[in-house]
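**Student:** Here you go, one structure.
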Amino acid sequence: MKLKQLEGLLGSLQQFSNPKVELEQYPTGPHIASRLLYMAENTFGGISGKVVADFGCGCGTLGIASALLGAEHVIGIDVDSQSLEIASKNAADLELDIDFIWCDIKNLGWRDQSVNTVVMNPPFGTRKKGSDMEFLSIALKVASGAVYSLHKTTTRDHIKRTALRDCSAKSAEVLCEV
Amino acid sequence: MRLLTHNMLSCNIKGVSNGFPLRLEAEKWVEKEVELNADFLRGIFPKIEWKALAGAARAIGYDQLPDEADASMLDSDDFLRRFHHALLELHVEEGALVCPETGRRFPINKGIPNMLLHEDEV
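Chains as they are written, first to last, in my numbering: chain A, 1 to 178; chain B, 1 to 122.
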């Protein structure tokens with residue numbers, strides 16, 4: 001699938017009607033979502049034929065992009081049932097099979113390394129301090145391969161350091177600065 | 001919810017020492033055909049808890065999986081077809097996941113399991 005086509009499909013998805021500020025809900029734009037997944041697949045081979053999880057999936061943008069790029073199985077997790085309803089509808093509209101789970105990411109019991117790749121646009125921690133690192137440390141435990149995550153520019157060094165030191169990440173790279 | 005997802009989930013209630021596998025109660029399910037990817041099946045086989053998969057499939061009425069499986073079976077097209085069918089083509093729409101230790105039920109509605117924990121379970 002061409003990048004422009006992917007971006008177009010993601011742009012047609014329904015988004016939050018009443019975003020909940022306390023959950024830091026906001027859509028992942030089609031421009032950044034398509035480029036993130038395109039890079040994950042074309043540079044690193046992390047999507048097609050793989051099991052991919054989207055943490056804090058919201059309306060499903062990143063998980064749907066993963067499915068469109070050929071992920072074998074996609075799981076989207078979110079704490080907000082209204083978002084999951086929208087995400088389900090978005091997936092169904094594109095005839096994609098995505099499993100959604102309604103839960104708080106830090107309370108979900110996974111077997112370690114059960115998924116290949118995690119993609120996410122987690123809360124930045126502006127409402128609940130430390131949310132971003134919480135999501136990241138769980139993602140690093142659950143993924144056998146890579147975690148692709150969006151974070152605030154000002155936290156760049158802190159995240160790299162913490163991922164390497166505390167979360168046993170083998171490497172931490174900034175792939176793109178926006 | 002596919003059985004591949006069921007195979008990864010466990011109960012995370014405080015104090016529970018072995019919350020895997022969750023028992024599957026399936027009230028409504030659908031079958032959706034999807035293309036078989038042999039490389040994917042061979043790659044994921046080592047990560048699958050086979051007894052949990054076979055048990056969950058039986059709960060949905062699919063009893064075509066052997067009770068035990070080893071990697072040599074992956075050479076058989078017939079085995080791959082059954083494995084593929086159970087793992088990816090059966091979708092639970094309504095039902096529940098039940099913690100093997102506490103009996104706590106996590107309902108499944110419209111294919112989505114509700115795994116939210118209550119305050120006293122965290």
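Ideal placement from N, C-alpha and C gives every residue a C-beta, glycine not left out.
What you are looking at is a predicted structure, and each value in this text was computed from that prediction instead of being measured.
What residue range is occupied by the uninterrupted alpha helix (DSSP H) comprising Asn-114 (chain B)?
**Tutor:** Counting along the chain, Asn-114 (chain B) falls outside any alpha helix (DSSP H), and DSSP gives it neither H nor E.
**Student:** Run through the DSSP bridge pairs and tell me what Asp-112 (chain A) is partnered with.
**Tutor:** Beta-bridge pairing links Asp-112 (chain A) to no other residue.
**Student:** For Pro-66 (chain B) and chain A, any beta-carbon pair shorter than 9 Å?
**Tutor:** No, no contact with chain A.
**Student:** Can you tell me which of B:Asn-37, B:Asp-39, B:Leu-90, B:Lys-32 puts its alpha carbon nearest to the alpha carbon of Asn-7 (chain B)?
**Tutor:** Per the Cα distances, B:Leu-90.
**Student:** Is Ala-163 (chain A) near the ligand ZN, in the sense that its beta carbon is under 8 Å from a heavy atom of that ligand?
**Tutor:** The model depicted lacks the ligand ZN and carries no ligand whatsoever.
**Student:** Hey, which unbroken runs of the beta strand (DSSP E) at 3 residues or more fall wholly within the region 43-90 of chain A?
**Tutor:** Segments of the beta strand (DSSP E) lying fully in the region 43-90 of chain A: 51-55, 73-78.
**Student:** By how many angstroms is the C-alpha of Asp-80 (chain A) removed from the C-alpha of Lys-50 (chain A)?
**Tutor:** Using only the alpha carbons, I get a separation of about 26 Å.
**Student:** Please identify the residue among A:Ser-34, A:Gly-46, A:Gln-15 whose C-alpha is closest to the C-alpha of Gln-25 (chain A).
**Tutor:** Answer by Cα proximity: A:Gln-15.
**Student:** What is the DSSP secondary structure of Val-122 (chain B), reduced to helix, strand or coil?
**Tutor:** Coil.
**Student:** Under a three-way DSSP split, which group does Asn-109 (chain B) fall into?
**Tutor:** If DSSP states are grouped into helix, strand and coil, Asn-109 (chain B) belongs with the strands.
**Student:** State the Cα-Cα distance for the pair Gly-111 (chain B) and Asn-12 (chain B), rounded to the nearest angstrom.
**Tutor:** Cα to Cα, the separation comes out at about 20 Å.
**Student:** Residues of chain A with CB closer than 9 Å to the CB of Gly-95 (chain B), please, in chain order.
**Tutor:** Going along chain A, no residue has its Cβ under 9 Å from Gly-95 (chain B), so there is no contact; the nearest lies around 14 Å.
**Student:** Give the straight-line distance between the Cα atoms of Leu-24 (chain B) and Ile-44 (chain B), rounded to the nearest whole angstrom.
**Tutor:** Distance between the alpha carbons of Leu-24 (chain B) and Ile-44 (chain B): 21 Å.
**Student:** Work out the CA separation of Ala-86 (chain B) and Leu-65 (chain B) for me, nearest whole Å.
**Tutor:** Going from the Cα of Leu-65 (chain B) to the Cα of Ala-86 (chain B) covers about 8 Å.
**Student:** Could you pull the DSSP bridge partners for Arg-2 (chain B) from this structure?
**Tutor:** The partner list for Arg-2 (chain B) (beta bridge, DSSP) reads B:His-91.
**Student:** Using only alpha-carbon positions, find the residue among A:His-73, A:Cys-59, A:Thr-28 that is nearest to Ser-48 (chain A).
**Tutor:** Nearest C-alpha to Ser-48 (chain A): A:His-73.
**Student:** For the region 100-132 of chain A, enumerate the residues whose C-beta is nearer than 7 Å to any C-beta of chain B, in chain order.
**Tutor:** Hits within the stretch, in order: Phe-100, Ile-101, Trp-102, Cys-103, Asp-104, Asn-107, Leu-108, Gly-109, Trp-110, Arg-111, Ser-114.
**Student:** May I have the straight-line CA-CA distance separating Val-174 (chain A) from Asp-112 (chain A), to the nearest angstrom?
**Tutor:** Whole-angstrom Cα-Cα distance: 25 Å.
**Student:** Check whether the Cβ of Ile-60 (chain B) lies closer than 9 Å to any Cβ atom in chain A.
**Tutor:** Answer no: the Cβ-Cβ gap between Ile-60 (chain B) and chain A never drops below 9 Å.
**Student:** Just checking: is the beta-carbon of Gly-46 (chain A) within a distance shorter than 9 Å of some beta-carbon in chain B?
**Tutor:** Judged by the 9 Å Cβ criterion, Gly-46 (chain A) is not in contact with chain B.
**Student:** Given a threshold of 16 other Cβ atoms within 10 Å of its Cβ, counted over all protein chains shown, does His-151 (chain A) qualify as buried or as exposed?
**Tutor:** Buried, by the Cβ-count rule.
**Student:** Quick one: which residues of the region 26-45 of chain B get their C-beta closer than 9 Å to a C-beta of chain A? List them in chain order.
**Tutor:** Within the region 26-45 of chain B, the residues whose Cβ lies closer than 9 Å to some Cβ of chain A are Lys-32, Val-34, Asn-37, Asp-39, Phe-40, Gly-43, Ile-44, listed in chain order.
**Student:** Is the separation between the beta-carbon of Ser-83 (chain A) and that of Met-120 (chain A) shorter than 9 Å?
**Tutor:** No.
**Student:** Using a Cβ-Cβ cut-off of less than 7 Å, give me the residues of the region 73-86 of chain A that come near chain B, in sequence order.
**Tutor:** Answer set for the region 73-86 of chain A: His-73, Ile-75, Leu-84.
**Student:** In the DSSP output, what is Leu-24 (chain B) paired with across the bridge?
**Tutor:** Per DSSP, B:Leu-97.
**Student:** Mind listing the chain B neighbours of Asp-97 (chain A)? Cutoff is C-beta to C-beta under 9 Å, in chain order.
**Tutor:** Per Cβ cutoff of 9 Å: Arg-2, Lys-32, Val-34, Leu-88, His-91.
**Student:** Are any of the Cβ atoms in chain B nearer than 9 Å to that of Val-51 (chain A)?
**Tutor:** So yes, Val-51 (chain A) belongs to the interface.
**Student:** Among the candidates A:Lys-160, A:Ser-168, A:Arg-35, whose CA atom is the shortest distance from the CA of Ser-144 (chain A)?
**Tutor:** Ser-144 (chain A) has its Cα closest to that of A:Ser-168, out of A:Lys-160, A:Ser-168, A:Arg-35.
**Student:** Taking only three categories from DSSP, how would you classify Phe-45 (chain B)?
**Tutor:** Residue state, collapsed to three classes: helix.
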